[in-house]
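Down below is the structure, laid out as structure tokens.
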Amino acid sequence: MTRGRKSTLSRSSWGPSLCRVTFDLAGAAGEFGEELQELLDAVLPYEQGADPELRQVTVTASRLAFAVELGTAKAREAKTIPLLHQGRKVAELFILIRLVADSADRYPAVTKSKFELRINRLPLLRLDFDRDMHTAPGCHWNVHAERGAITNLLARNNPDHSGELCKLHLPVGGARMRPCLEDLLQLLVEEFQFGSVPDAITAIEAGRVRWRRRQLAAMVRDDPHEAVRVLCDELGYEVKPPTSGARDVRFDKLRRW
Amino acid sequence: MRVGRNDGGGHVDAIVVKADPVELAARRERALSSVRLPEDELRSRVEAGSATPEERDAWQEVDTVAFLLGA
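For the record, the sequence lines run as chains W and V. According to my numbering, the first sequence is numbered sequentially starting from 1111. According to my numbering, the second sequence is numbered sequentially starting from 0.
Right, here's the structure in full:
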């Protein structure tokens, strides 16, 4: 496996078969990985004595696809981040993000992500996103707990459902309005009170602003008509349509759960 | 720029690695060997919700390799 830090990547390191667009994508995926590393390091303390490379964000690049995992470069398999209480590991955070080139091959877009709070390798909470998921909400929480009343309801109403709460997909706003990793990190720090780095909330909030601006930009691309209406009718801006014509609203994006 | 301070241990920078098909195939084999199941059976157990935590992790590895090789 050829290794190279983001900052030392050069076009030649990717071989002559990869075009400039691919190089730029690899660079952008590397920046994505660095952003993630900085966020995690600013929020979750390292376990004393543990090998820091086991929580190193590793971006594995394969042409137009990128797998973002933790510790893979060292361990040769995906690892979890220990969650600490009084310096002792009491739970784990699993993070997996997959990126592919967007429709214009300009940016690496998240096609799938998986964030899990685990204890003894068993999931307690899962936040899953899959851009191509159609049988369940594209982004959903799974809660690994049981509640008899929910099981009874599911069993009575939906014969195809096992009745297990952990197999219920709780929708959280679809691809555009889904929670970000920062939201989960804040839950871990504030409600579960796992050990955190001083001033972790500053990093979380900075990351959340970055995330919401990106999502907002994507939503403007989905529905430029609504963006123009708000800018012109409510905020007094003047907006000119492009000479190529106004872009259609992507109702397919707006309808999906 | 790093925000905050992490005193628990050393820092690492994110790393970008170029996928190697041979290495990926070995990663897939390690995952399957760790649970001693063929891929189809492992997939069935995960989809049925009957997989152990070790099997779920192994499936995640197999699935990631498939994602990278199929790209």
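For glycine and all other residues, C-beta sits at the position ideal for the given N, C-alpha and C. Treat the numbers as computed from the prediction; the structure is a model and nothing was measured.
DSSP three-state assignment for residue i, whether helix, strand or coil
| i | result |
| --- | --- |
| Ala-1136/W | helix |
| Pro-1334/W | helix |
| Asp-1293/W | helix |
| Thr-1221/W | strand |
| Pro-1192/W | strand |
| Pro-20/V | helix |
| Val-15/V | strand |
| Glu-1187/W | coil |
| Gly-1143/W | helix |
| Ala-47/V | coil |
| Arg-1318/W | helix |
| Leu-1341/W | helix |
| Pro-1351/W | coil |
| Ala-57/V | helix |
| Ser-1122/W | Since pLDDT at Ser-1122/W reaches only 33, below the 50 mark, its modelled position is unreliable, and no value is offered. |
| Pro-1269/W | coil |
| Gln-1055/W | For residue 1055/W there is no data in the structure shown, the boundaries of chain W being 1111 and 1367. |
| Gly-1258/W | helix |
In DSSP terms, what residue i is bridged to
| i | result |
| --- | --- |
| Ser-1306/W | Answer is none; Ser-1306/W lacks a bridge partner. |
| Ala-1177/W | Thr-1170/W, Arg-1208/W |
| Arg-1228/W | Glu-1202/W, Pro-1233/W |
| Leu-1371/W | As shown, chain W starts at 1111 and ends at 1367. That puts residue 1371/W outside it, with no answer to give. |
| Val-1253/W | Leu-1235/W |
| Asp-1240/W | Lys-1222/W |
| Lys-1363/W | DSSP lists no partner for Lys-1363/W. |
| Pro-1281/W | His-1250/W |
Residue i versus the options, residue with shortest Cα-Cα distance
| i | options | result |
| --- | --- | --- |
| Val-1253/W | Asp-1362/W, Gly-1284/W, Arg-1236/W | Arg-1236/W |
| Cys-1249/W | Leu-1275/W, Leu-1232/W, Ile-1314/W, Pro-1289/W | Pro-1289/W |
| Arg-1202/W | Glu-1226/W, Val-1349/W, Gly-1355/W | For the sequence presented, residue 1202/W should be read as Glu rather than Arg. Closest by alpha carbon: Glu-1226/W. |
| Asp-1293/W | Gly-1305/W, Glu-1187/W, Glu-1315/W | Glu-1315/W |
| Lys-1224/W | Leu-1194/W, Ala-1188/W, Asp-1332/W, Glu-1148/W | Ala-1188/W |
| Gly-1159/W | Pro-1192/W, Ala-1171/W, Leu-1149/W, Leu-1180/W | Pro-1192/W |
| Ala-71/V | Glu-1274/W, His-1244/W, Leu-1232/W, Gln-1325/W | Absent from the structure is residue 71/V, since the part of chain V shown begins at 0 and ends at 70. |
| Ala-30/V | Glu-54/V, Leu-67/V, Val-16/V | Glu-54/V |
| Arg-1186/W | Val-16/V, Arg-44/V, Leu-41/V, His-10/V | Val-16/V |
| Ala-1139/W | Asp-1332/W, Arg-1216/W, Glu-1163/W | Arg-1216/W |
| Arg-1198/W | Trp-1251/W, Arg-1323/W, Leu-1154/W, Ala-1313/W | Leu-1154/W |
| Asp-1161/W | Ala-1177/W, Phe-1176/W, Glu-1144/W, Lys-1184/W | Lys-1184/W |
| Gly-1317/W | Arg-1357/W, Phe-1142/W, Pro-1281/W | Phe-1142/W |
| Thr-1261/W | Gln-1325/W, Glu-1274/W, Arg-1360/W | Glu-1274/W |
Buried/exposed call for residue i, threshold 16 Cβ in 10 Å
| i | result |
| --- | --- |
| Tyr-1156/W | buried |
| Glu-46/V | exposed |
| Val-1200/W | exposed |
| Gly-69/V | exposed |
| Ile-1229/W | exposed |
| Ala-1265/W | exposed |
| Pro-1247/W | buried |
| Arg-26/V | buried |
| Asp-1151/W | buried |
| Gly-1305/W | buried |
| Thr-1221/W | buried |
| Ala-57/V | buried |
| Arg-1339/W | exposed |
| Ser-1172/W | buried |
| Thr-1190/W | buried |
| Glu-1179/W | buried |
| Val-1319/W | exposed |
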